[in-house]
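Here's the structure, in structure tokens; my notes come after.
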Amino acid sequence: MKKIVKIVAWSLLGLAVVLVFVLLIKKNAPQKEVLKIETVAQTDTLENKTILTGRLNPRNEILLKPQLSGIIAEINHEPGDYVKQGEVIARIEVVPDMMQSSNADTQVKLNEINFKTAKERYLRDKNLFEKGVVAKEEFESSSANYFAAKENLQSSKEARDIVQTGISSRTRSTSTTLVRSTISGMILDIPVKVGTSVIQANTFNDGTTIASVANMQDVVFTGEADETIVGKLEVGNTVSVSVGALGEKRFDARIEYISPKGNEKNGTMYFDVRAAVKVPEGSGIRAGYSANGEVVLNGVYNVLSLPESCISYEGNNAYVEKILSEKPLKTERIKVETGLSNGVIVEIKGGLKVGDKVKGSTF
Numbered sequence: 060m061k062k063i064v065k066i067v068a069w070s071l072l073g074l075a076v077v078l079v080f081v082l083l084i085k086k087n088a089p090q091k092e093v094l095k096i097e098t099v100a101q102t103d104t105l106e107n108k109t110i111l112t113g114r115l116n117p118r119n120e121i122l123l124k125p126q127l128s129g130i131i132a133e134i135n136h137e138p139g140d141y142v143k144q145g146e147v148i149a150r151i152e153v154v155p156d157m158m159q160s161s162n163a164d165t166q167v168k169l170n171e172i173n174f175k176t177a178k179e180r181y182l183r184d185k186n187l188f189e190k191g192v193v194a195k196e197e198f199e200s201s202s203a204n205y206f207a208a209k210e211n212l213q214s215s216k217e218a219r220d221i222v223q224t225g226i227s228s229r230t231r232s233t234s235t236t237l238v239r240s241t242i243s244g245m246i247l248d249i250p251v252k253v254g255t256s257v258i259q260a261n262t263f264n265d266g267t268t269i270a271s272v273a274n275m276q277d278v279v280f281t282g283e284a285d286e287t288i289v290g291k292l293e294v295g296n297t298v299s300v301s302v303g304a305l306g307e308k309r310f311d312a313r314i315e316y317i318s319p320k321g322n323e324k325n326g327t328m329y330f331d332v333r334a335a336v337k338v339p340e341g342s343g344i345r346a347g348y349s350a351n352g353e354v355v356l357n358g359v360y361n362v363l364s365l366p367e368s369c370i371s372y373e374g375n376n377a378y379v380e381k382i383l384s385e386k387p388l389k390t391e392r393i394k395v396e397t398g399l400s401n402g403v404i405v406e407i408k409g410g411l412k413v414g415d416k417v418k419g420s421t422f
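In structure tokens form, the structure reads like this:
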């Protein structure tokens with residue numbers, strides 16, 4: 060019994076050794092190359108394209124600043140809302156300066172005294188004028204002083220109201236406490252909250268931004284082209300803009316500006332390129348979306364073509380291995396005239412005709 064077990068064990072070991080040798084031989088054996096045969100075809104469109112990376116942004120983004128300093132008392136909208144020109148976005152509550160407020164109160168009191176004096180004289184002279192005691196010139200003088208004092212009192216009260224509340228009775232409809240949109244468009248951002256202190260723009264400060272508004276129907280694609288590409292671009296070139304965030308949705312655009320000055324990045328010069336985008340209704344475009352712009356640099360149409368891998372070059376000449384027969388394989392090396400290439404497909408201008416077969420790559 061033990062003898063049988065030993066025989067079986069040695070047999071299995073021998074079989075394993077044989078299998079290992081077989082696998083090693085197969086692994087080290089040269090792989091048979093498979094030749095791919097390509098056929099000269101008629102191509103409808105062969106274009107050389109380049110891709111520009113960039114972003115979509117509104118052409119003009121307007122920053123709304125307050126016309127006076129104070130505290131945000133009310134915000135009527137939120138980002139994403141559409142507003143019309145002149146629509147109120149926020150209201151500011153004025154925090155009066157104590158010195159200015161005190162001076163305004165004092166001025167009102169002085170004008171009240173002057174008005175009271177002018178009124179008493181006006182009424183007295185009017186009564187005397189009606190009785191023929193006072194000359195017309197003297198009555199007209201007191202009358203002018205009375206109406207001037209009345210206007211000064213009203214003006215000082217309005218000035219006090221503006222200092223203390225930012226609103227006067229005459230300017231209530233156009234109050235500077237109301238922050239209005241200067242254009243029709245979409246609110247992109249409101250960086251303040253109710254209770255936030257804000258300051259107006261002045262010589263030393265840009266002022267607090269209450270909101271940013273833009274017309275999202277007037278959008279531009281801004282990208283960059285390196286120095287090897289920018290010379291091939293022209294104002295007026297069409298651009299197919301794709302937005303990954305919208306499922307590669309495409310928009311038509313046209314180049315309207317190419318920067319005359321480049322910016323160096325990692326040893327390469329890049330030039331800004333701007334293209335106006337046609338935005339359909341309900342496009343879903345948001346400011347700042349990343350996008351790619353595909354530009355057709357040049358193209359040929361209804362031409363003969365072959366894969367670039369079929370062509371071998373020697374100096375300025377191009378050659379292919381034309382297949383005369385497949386079984387047995389017989390080829391002839393012939394010179395061909397090439398044209399436009401997009402890096403994958405190349406135009407064949409001469410030397411071959413439609414249906415000719417050539418030797419392609421092997422794998």
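At position 243 of the sequence shown the residue is numbered 302 (this note's numbering), and the sequence of numbers has no breaks.
Positions of the beta carbon are idealized from the N, C-alpha and C atoms, including for glycine.
query, result
"What are the residues that DSSP puts in a beta bridge with Y348?", "Beta-bridge pairing links Y348 to no other residue."
"Using DSSP's beta-bridge definition, name the partner residues of G129.", "V257"
"Report the rounded CA-to-CA distance for T262 versus N401, giving the unit in angstroms.", "56 angstroms"
"Return the residue from the list T397, L399, V379 that minimises the CA-CA distance to E391.", "V379"
"Could you give the DSSP three-state label for A377: helix, strand or coil?", "strand"
"So the beta strand (DSSP E) Q101 belongs to, where does it begin and stop?", "100 to 117"
"I'd like the span of the beta strand (DSSP E) that includes F263, first residue to last.", "That residue, F263, is in no beta strand (DSSP E); it is neither H nor E in DSSP."
"Which of helix, strand or coil does DSSP assign to K168?", "helix"
"By the 10 Å Cβ neighbour count, where 16 or more other Cβ atoms means buried, how is M275 classified, buried or exposed?", "buried"
"With DSSP run on the structure shown, which of helix, strand or coil describes A88?", "For A88, the pLDDT reaches just 49, beneath the cut-off of 50, and the residue's location in the model is therefore unreliable, although a value from the coordinates is still provided. In the structure shown, A88 sits in coil (DSSP, three-state: anything other than H, G, I, E or B)."
"Under the rule that 16 or more other beta-carbon atoms within 10 Å means buried, what is I314, buried or exposed?", "buried"
"Please report the Cβ distance between E54 and T112, rounded to the nearest whole angstrom; I am assuming they are in contact, meaning their Cβ atoms lie under 8 angstroms.", "Outside the shown range of the chain, which is 60 to 422, sits residue 54, and nothing can be said about it."
"Ordered along the chain, which non-local residues of its own chain (more than five positions away) have a Cβ less than 6 angstroms from that of G244?", "V272, A273, N274"
"With which residues is M245 paired in a DSSP beta bridge?", "Y141, A273"
"Is the CB-CB distance between F198 and F206 below 7 angstroms?", "no"
"Hey, I382 and G410: beta-carbon distance below 7 angstroms or not?", "no"
"Rounding to the nearest angstrom, what Cα-Cα distance links E217 and S256 in this structure?", "24 angstroms"
"Specify whether the region 359 to 379 and the region 294 to 313 touch according to this definition: at least 3 beta carbon pairs, one from each stretch, less than 8 angstroms apart.", "no"
"Specify the secondary structure class of I290 as computed by DSSP and reduced to three states.", "The question names Ile, yet the displayed sequence has Gly at residue 290. The answer is helix: DSSP assigns G290 an H, G or I state."
"For K124, which three-state DSSP category applies?", "coil"
"Check whether the region 95 to 103 and the region 329 to 342 touch, using three or more Cβ-Cβ pairs below 8 angstroms as the test.", "no"
"Could you tell me which of S301, I404, L123 sits nearest to V359, measuring between CA atoms?", "I404"
"Quick check: does the Cβ of L356 come within less than 6 angstroms of any heavy atom belonging to the ligand ZN?", "Of ligands this structure carries none, so the ligand ZN is not represented either."
"Nearest-angstrom Cα distance between I121 and L305?", "25 angstroms"
"Pairing CB atoms from the region 235 to 254 with CB atoms from the region 121 to 139, are three or more of them under 8 angstroms?", "yes"
"Three-state secondary structure (DSSP) at G326?", "coil"
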